[in-house]
């Protein structure tokens with residue numbers, strides 16, 4: 002899919018700002034690429050996003066918004082930032098330089114909770130919007146709310 006997206010810029014009206022290619026492809030081209038390459042639902046895309054960032058090793062990889070590909074071996078000093086998100090226009094600038102280790106961990110925990118909401122609870126309440134509402138409106142809930150009790154049986158799940 003990355004190569005399809007990269008090719009969209011080739012056919013776009015070329016616009017540059019300094020050294021940056023700011024070309025924007027025709028919307029119809031973008032739609033056709035995504036429709037032909039991906040049959041994913043929005044739910045699946047969100048689940049993939051949250052799953053990916055819940056397990057991203059920020060010490061090993063940096064995130065490049067410009068290329069859309071994570072770079073390996075970011076070479077962080079021990080006292081440096083926990084996460085490196087490359088500015089798409091000023092490549093030497095880290096957009097996440099003020100993210101602390103505790104905030105990054107909290108973000109990853111929230112991503113894990115979101116994945117669990119999208120997988121477990123949508124199976125129980127198929128085709129109902131409550132899972133989406135919970136995902137976007139909930140405050141941080143105790144982790145115990147998302148764990149199954151040991152004595153809970155499959156019959157209990159069927160009742161819901």
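Residue numbers (this note's numbering): 2 to 161. Virtual Cβ for every residue (Gly too), placed ideally from N, Cα, C.
Grouping DSSP H, G and I as helix and E and B as strand, with all else coil, what is residue 91?
-> In the chain shown, the residue the question calls residue 91 occupies position 90. Taken through DSSP and simplified to helix, strand or coil, residue 91 comes out as coil.
Looking at the structure shown, is residue 70 part of a helix, part of a strand, or coil, going by DSSP?
-> As a position in the chain shown, residue 70 is number 69, starting the count at 1. Residue 70 carries a coil assignment under DSSP once its states are collapsed to helix, strand and coil.
Which same chain residues, not among the five before or five after residue 109, have their C-beta less than 8 Å away from its C-beta?
-> The residue you call residue 109 lines up with position 108 of the chain shown. Hits under 8 Å: 54, 55, 56, 57.
Among 16, 136, 52, 103, the one whose alpha carbon lies nearest that of residue 83 | Residue mapping note: residue 83 aligns to position 82 of the chain shown, counting from 1. Here the closest residue by C-alpha is 103.
Go ahead and pull the three-state DSSP assignment for residue 100.
-> Here the question's residue 100 lines up with position 99 in the chain shown. Three-state result, residue 100: coil.
Boundaries of the beta strand (DSSP E) in which residue 63 is found, first to last residue | What you label residue 63 is simply residue 62 of the chain shown in a count that begins at 1. Start and end: 62-65.
Could you pull the start and end residues of the alpha helix (DSSP H) that residue 48 belongs to?
-> As a working note, residue 48 is residue 47 in the chain shown. Under the DSSP assignment, residue 48 falls in the alpha helix (DSSP H) whose first and last residues are 43-55.
Determine the closest residue to residue 61 out of 71, 52, 67, with distance taken between C-alpha atoms.
-> The residue you call residue 61 lines up with position 60 of the chain shown. For residue 61, the nearest C-alpha among the options comes from 71.
Residue 86 - partner residues in DSSP beta bridges = Residue numbering aside, residue 86 sits at position 85 when the chain shown is read from its first letter. The partner list for residue 86 (beta bridge, DSSP) reads 64.
Alpha carbon of residue 19 to alpha carbon of residue 90, nearest angstrom = Along the chain shown, one-based indexing puts residue 19 at 18. Along the chain shown, one-based indexing puts residue 90 at 89. Near 10 Å, if we compare the C-alpha coordinates of residue 90 and residue 19.
How would you label residue 114, buried or exposed, when you count the other beta carbons within 10 angstroms and need 16 or more for buried?
-> Within the chain shown, numbered from 1, the residue matching residue 114 stands at position 113. Buried is the call here.
Put residue 114 into one of helix, strand or coil per three-state DSSP.
-> The residue labelled residue 114 in the question sits at position 113 within the chain shown. Under the three-state reduction of DSSP, residue 114 is assigned to helix.
Using alpha carbons as the reference points, say which of 47, 95, 85 lies closest to residue 119.
-> If you number the chain shown from 1, residue 119 lands on position 118. Comparing Cα positions, the closest option is 47.
Considering only residues of the same chain and omitting the five flanking positions on each side of residue 100, which have a CB-CB separation below 7 Å?
-> Counted from its first residue, the chain shown places residue 100 at position 99. For residue 100, where only same-chain residues beyond five positions count, the Cβ hits under 7 Å are 82, 83, 84.
Starting from the Cα of residue 107, find the closest Cα among 66, 51, 64 and give me that residue.
-> For the purposes of this step, residue 107 is taken as the residue at position 106 of the chain shown. Between residue 107 and the set 66, 51, 64, the nearest pair of CA atoms involves 51.
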